[in-house]
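Colleague: Following this message is one structure expressed as structure tokens.
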Amino acid sequence: MFHFDTFSTPYWLLCCLLCVGLVWVAFRTRISDNGLLLLSGGLLFFLRLPTLLYNRELNPDESQMITHARTLAVDPVYLRSVDAHTIGPLDSYALILPTWLGLRFDYISARLLGFSLLALSLLFLFKTARIWFGTQPARLALLPLVFALGLTQNADLLSYSSELVPLVLLSAGIWLFALIDSRQRATSAQLFVLGVLMGMVPLGKLQGVPLVAVLGLFASITVLRLQTSTSTKVGQLVVLGVGTLVFPALFIIMLAANGLYNDFWLFYIEGNLRYGGNTNQIQTILNFPNHVSRGEELGWVMMLTVGLMVFAALRFATKKSADRVNSSWVIRLGFIGLLGLAGLFAITRTGTEFVHYLYFMVGPVFLLMALSWYTILNRFATTTLIRGAVWVPALFLSLIIGRDVQSYICGVPVNPYLFYDGQANFVLIRPPIVQQIRNYANANEPLVVWGWRCDYYVGAQMIQGTAENHSERCVFISPMTSVYQQRYLKNFLHTRPPVFVDAVGLENHWLNDRKTQGHEIIPPLAEHIKTHYRYMGIFNDARLYVRNDRVQKVGVRSE
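Numbering-wise (the working numbering), the sequence shown opens with residue 1 and increments by one.
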């Protein structure tokens with residue numbers, strides 16, 4: 001049976017050859033931009049294939065969102081059935097889409113969706129760079145990102161991430177803005193769609209609001225600069241504003257109709273603002289280079305971009321340009337620069353250095369790299385520069401290949417995500433605790449797992465019985481701890497899950513001390529479980545409890 005092993009030498013060699021081939025095709029043939037985009041998307045898919053077919057958790061957030069999606073498919077009202085905390089609701093709703101194509105709620109379908117969102121983002125960014133800077137700079141900016149995001153083995157960048165939905169929305173919005181800016185005219189449809197895209201971003205991830213603010217500001221400035229009457233400008237700004245408000249308004253109306261308006265402000269808005277509220281912003285910005293280095297290949301792209309920016313700035317400062325820097329260029333430079341600063345703020349605001357936060361810099365990095373190449377090649381073109389530019393993506397690729405060769409020599413797995421372990425392809429592995437859960441409950445029944453092991457929901461193919469499918473906010477002390485505990489108890493009593501798991505233990509994420517972090521810290525919950533559930537034993541260092549009537553029905557004794 002075909003599978004990927006830890007080294008996958010033939011596959012890896014083929015990947016290297018295809019990457020080199022893409023560089024050659026991009027700059028040594030007359031392939032069209034659409035053809036190059038198609039090849040780049042296909043290569044990105046092939047490079048990520050081992051993890052696309054790896055039906056295991058790469059990041060705990062994946063399991064959290066997959067469980068949200070399965071639950072929302074049964075009860076689609078957000079905050080009544082699901083609270084994703086800092087993860088926006090759209091990230092979970094989006095995971096329902098693959099099931100419309102016959103896929104199930106698992107890691108494969110989630111990563112296929114994640115790949116699609118990433119590929120679409122690169123498509124929109126390429127089109128934006130081509131509009132503003134031309135084909136050659138756009139191609140030179142595209143290839144390093146394809147290589148970095150395809151060849152990376154960083155789990156945060158390979159998993160389905162909550163930054164991918166806002167990334168594609170922002171990328172599409174930036175492309176629309178570039179169209180309006182370059183043509184110096186805007187239709188009502190374009191402005192309305194641009195507004196809708198911007199309005200959806202905060203519901204993808206509230207962390208993306210700074211980037212939306214920059215996009216909205218410059219879109220408004222561009223509308224005011226168009227050669228139209230004052231009344232037309234006002235009307236277009238109104239259309240842009242209405243478009244921005246329409247999606248959040250509909251979402252809030254849906255919540256209000258279900259009595260969840262206050263919950264939205266308390267748990268999503270206030271909860272997000274409190275997250276990282278004690279962060280020293282200056283310190284996190286100063287520590288940003290370390291954060292970037294943890295992004296490995298994506299961090300290398302960011303460092304390459306900085307190098308190109310410095311070289312372009314030096315060329316600009318030492319050479320007389322035949323082109324006059326007009327107001328349109330000032331707008332574009334200001335937009336890209338502020339977009340980069342907004343991305344920096346979004347990434348560093350919380351003080352948590354999760355690598356997947358770096359996705360917020362993909363748009364700014366793409367455009368900054370293309371701008372740098374435009375400055376280097378178009379404004380100060382020399383034969384040496386034009387020929388030498390082709391070698392930059394090739395040299396960047398050689399760094400990644402060299403790193404992998406060194407890893408191979410040292411015995412470090414090139415593919416740390418072993419796909420084949422004796423099970424059939426695409427099998428969703430069920431640990432002993434999940435097998436025990438399914439002895440007493442059926443798929444799509446509510447399950448409650450105290451602690452942080454959302455992969456148990458995915459393995460059991462069950463929905464979550466409380467709005468929070470992990471209990472971190474019920475455990476760690478904060479001004480809202482009691483609020484989260486009260487809601488947790490209320491949800492539990494309402495759904496009456498047939499099985500309850502207290503996963504606090506050695507195999508749990510973050511929560512490992514049963515004495516101080518077990519479900520007993522909520523006395524009414526502990527009393528209810530003691531009365532209405534039977535303790536069945538420990539599996540995977542997690543305590544299993546089954547509702548009394550379900551134990552009697554199955555007829556199995558507890559330990």
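Even for Gly, the Cβ is constructed at its ideal location relative to N, Cα and C.
None of the values given here were measured: they were computed from a predicted structure.
(1) Classify L525 as buried or exposed, calling it buried when 16 or more other Cβ atoms lie within 10 Å of its own Cβ.
(2) Nearest-angstrom Cα distance between V504 and M536?
(3) Residues in the same chain with beta-carbon distance under 7 angstroms from A322, minus the five sequence neighbours each way, listed in chain order, please.
(4) In chain order, what residues of the same chain lie with their CB nearer than 8 angstroms to the CB of I522, ignoring the 5 residues before and after it?
(5) How is W450 classed by DSSP in three states: helix, strand or coil?
(6) If you follow the beta strand (DSSP E) that Y545 is part of, which residue opens it and which one closes it?
(7) Less than 8 angstroms between the beta carbons of V209 and P202, yes or no?
(8) Is it true that the CB of T244 sits closer than 8 angstroms to the CB of G216?
(9) Would you identify the three-state DSSP class for G537, choosing helix, strand or coil?
(10) Rounded to whole angstroms, what's the CA-CA distance from P446 to E527? Just pull it up for me.
(11) Looking at G363: is its Cβ nearer than 8 angstroms to the Cβ of L170?
(12) So, at 7 angstroms on beta carbons, what are the nonlocal neighbours of F45 in its own chain, with the 5 sequence-adjacent residues on each side left out?
(13) Cβ of R130 versus every heavy atom of the ligand MN: is any distance shorter than 7 angstroms?
(14) Would you mind stating whether L113 and P98 have Cβ atoms separated by less than 8 angstroms?
(15) When the distance is taken between beta carbons, is A542 closer than 8 angstroms to D502?
(16) So, helix, strand or coil for Y11, using DSSP?
(17) Confirm, please, whether the CB-CB distance from P144 to P310 is below 8 angstroms.
(18) What are the boundary residues of the beta strand (DSSP E) that D91 is part of?
(19) Pick out the complete alpha helix (DSSP H) segments inside the segment 298-370, 4 residues or longer, and give them in chain order.
(20) If you run the structure through DSSP and keep just helix, strand and coil, what is F105?
(21) DSSP beta-bridge partners for D502?
(22) Looking only at its chain, what residues have a beta carbon closer than 6 angstroms to the beta carbon of G295, apart from the 5 residues adjacent to it on each side?
(23) What alpha helix (DSSP H) runs, 4 residues minimum, are completely inside the segment 457-516?
(24) Using only the alpha-carbon positions, how far apart do R225 and P76 sit?
(25) Have a look at P497 and F267 and give me their C-alpha separation to the nearest angstrom.
(26) Mapping the DSSP letters down to three states, classify N444 as helix, strand or coil.
(27) Are three or more beta carbon pairs between the segment 117-137 and the segment 360-379 nearer than 8 angstroms?
(28) Select from P50, F133, G41 and N34 the residue whose C-alpha is nearest the C-alpha of R12.
(29) By alpha-carbon positions, which one of D33, I437 and L194 ends up nearest to I131?
(30) Hey, how far is the Cα of N469 from the Cα of Y54?
(31) With H, G and I counted as helix, E and B as strand and the rest as coil, what does DSSP make of P413?
(32) Candidates P393, R534, R403 and P413: which alpha carbon is nearest Y440's?
(33) Comparing alpha-carbon positions, which option in N548, L428 and G388 lies nearest F27?
(34) What's the call for T222, buried or exposed, on a 16-neighbour Cβ count within 10 Å?
(35) Could you give the distance in angstroms between the alpha-carbon of A119 and the alpha-carbon of G41?
Modeller: Per the coordinate set shown:
(1) Counted from its first residue, the sequence shown places residue 525 at position 525. Result: buried.
(2) Residue numbering aside, residue 504 sits at position 504 when the sequence shown is read from its first letter. Residue numbering aside, residue 536 sits at position 536 when the sequence shown is read from its first letter. Cα to Cα, the separation comes out at about 16 angstroms.
(3) Residue 322 sits at position 322 when you count from the first residue of the sequence shown. Low per-residue confidence applies at A322: pLDDT is 48, beneath 50, and the placement is therefore not dependable, though the value from the model is reported in the following sentence. Around A322: no qualifying Cβ.
(4) Along the sequence shown, read from residue 1 onward, the residue named residue 522 stands at position 522. Within the same chain, I522 has close Cβ partners C474, Q485, Y488 and L489.
(5) Here residue 450 corresponds to residue number 450 of the sequence shown, with the count starting at 1. Strand.
(6) Against the sequence shown, residue 545 aligns to sequence position 545. A542 to R547 is the span of the beta strand (DSSP E), which, as asked, contains Y545.
(7) Looking up residue 209 in the sequence shown gives position 209. Looking up residue 202 in the sequence shown gives position 202. Contact: yes.
(8) Looking up residue 216 in the sequence shown gives position 216. Looking up residue 244 in the sequence shown gives position 244. Yes, the Cβ-Cβ distance between G216 and T244 is below 8 angstroms.
(9) In the sequence shown, residue 537 corresponds to position 537, counting from 1. G537 falls in the strand class under three-state DSSP.
(10) The residue you call residue 446 lines up with position 446 of the sequence shown. The residue you call residue 527 lines up with position 527 of the sequence shown. Their backbone Cα atoms lie some 20 angstroms apart in a straight line.
(11) Counting from 1 along the sequence shown, the entry for residue 363 is found at position 363. Counting from 1 along the sequence shown, the entry for residue 170 is found at position 170. In this structure, L170 lies closer than 8 angstroms to G363 by Cβ.
(12) Position 45 of the sequence shown, counted from the first residue, corresponds to residue 45. Result list for F45: F115, in chain order.
(13) Looking for the ligand MN in the displayed structure turns up nothing, as the structure carries no ligands at all.
(14) The sequence position of residue 113 within the sequence shown is 113, counting from 1. The sequence position of residue 98 within the sequence shown is 98, counting from 1. Against a cut-off of 8 angstroms, the Cβ pair of P98 and L113 comes out as a contact.
(15) For the purposes of this step, residue 502 is taken as the residue at position 502 of the sequence shown. For the purposes of this step, residue 542 is taken as the residue at position 542 of the sequence shown. Yes, they are a contact pair.
(16) In the sequence shown, counting from the first residue as 1, residue 11 sits at position 11. DSSP places Y11 in helix when its eight states are reduced to three.
(17) In the sequence shown, counting from the first residue as 1, residue 310 sits at position 310. In the sequence shown, counting from the first residue as 1, residue 144 sits at position 144. Contrary to the premise, residue 310 reads as Val rather than Pro in this sequence. Contact flag unset, no.
(18) By one-based count along the sequence shown, residue 91 stands at place 91. Taken as a continuous stretch (DSSP letters only), D91 belongs to no beta strand (DSSP E), being part of the alpha helix (DSSP H) at P89 to A94.
(19) 327-348
(20) Looking up residue 105 in the sequence shown gives position 105. Reduced to three states, the DSSP call for F105 is coil.
(21) For the purposes of this step, residue 502 is identified with residue 502 of the sequence shown, where counting begins at 1. DSSP, once it has assigned bridges, lists W450 and R543 as partnering D502.
(22) As a working mapping, residue 295 is identified with position 295 in the sequence shown. Counting only Cβ-Cβ distances below 6 angstroms, and skipping sequence neighbours, we find V355 and L358.
(23) 472-475 and 481-495
(24) One-based indexing of the sequence shown puts residue 225 at position 225. One-based indexing of the sequence shown puts residue 76 at position 76. Distance between the alpha carbons of R225 and P76 is about 43 angstroms.
(25) Here residue 497 corresponds to residue number 497 of the sequence shown, with the count starting at 1. Here residue 267 corresponds to residue number 267 of the sequence shown, with the count starting at 1. The straight-line gap from Cα to Cα measures roughly 23 angstroms.
(26) Counted from its first residue, the sequence shown places residue 444 at position 444. Here N444 sits in coil by DSSP.
(27) In short, these stretches touch, since the Cβ pair count reaches three.
(28) For this step, residue 12 is matched to residue 12 along the sequence shown. First, the amino acid is wrong: residue 12 is Trp here, not Arg. Cα-wise, what sits closest to W12 is P50.
(29) Numbered from its first residue, the sequence shown carries residue 131 at position 131. Nearest of D33, I437 and L194 to I131, Cα basis: D33.
(30) Position 469 of the sequence shown holds residue 469. Position 54 of the sequence shown holds residue 54. C-alpha separation (whole angstroms): 23 angstroms.
(31) Locating residue 413 in the sequence shown gives position 413, counting from the first residue. Three-state DSSP puts P413 in coil, outside helix and strand.
(32) Reading the sequence shown from its first residue, position 440 is the one you call residue 440. Out of P393, R534, R403 and P413, R534 has the C-alpha closest to the C-alpha of Y440.
(33) Here the question's residue 27 lines up with position 27 in the sequence shown. Per the Cα distances, G388.
(34) Numbered from 1 along the sequence shown, position 222 holds the residue referred to as residue 222. Buried, because 16 or more other Cβ atoms sit within 10 Å of the Cβ of T222.
(35) Counting from one through the sequence shown, the residue named residue 119 turns up at place 119. Counting from one through the sequence shown, the residue named residue 41 turns up at place 41. Approximately 6 angstroms between the Cα atoms of the pair.
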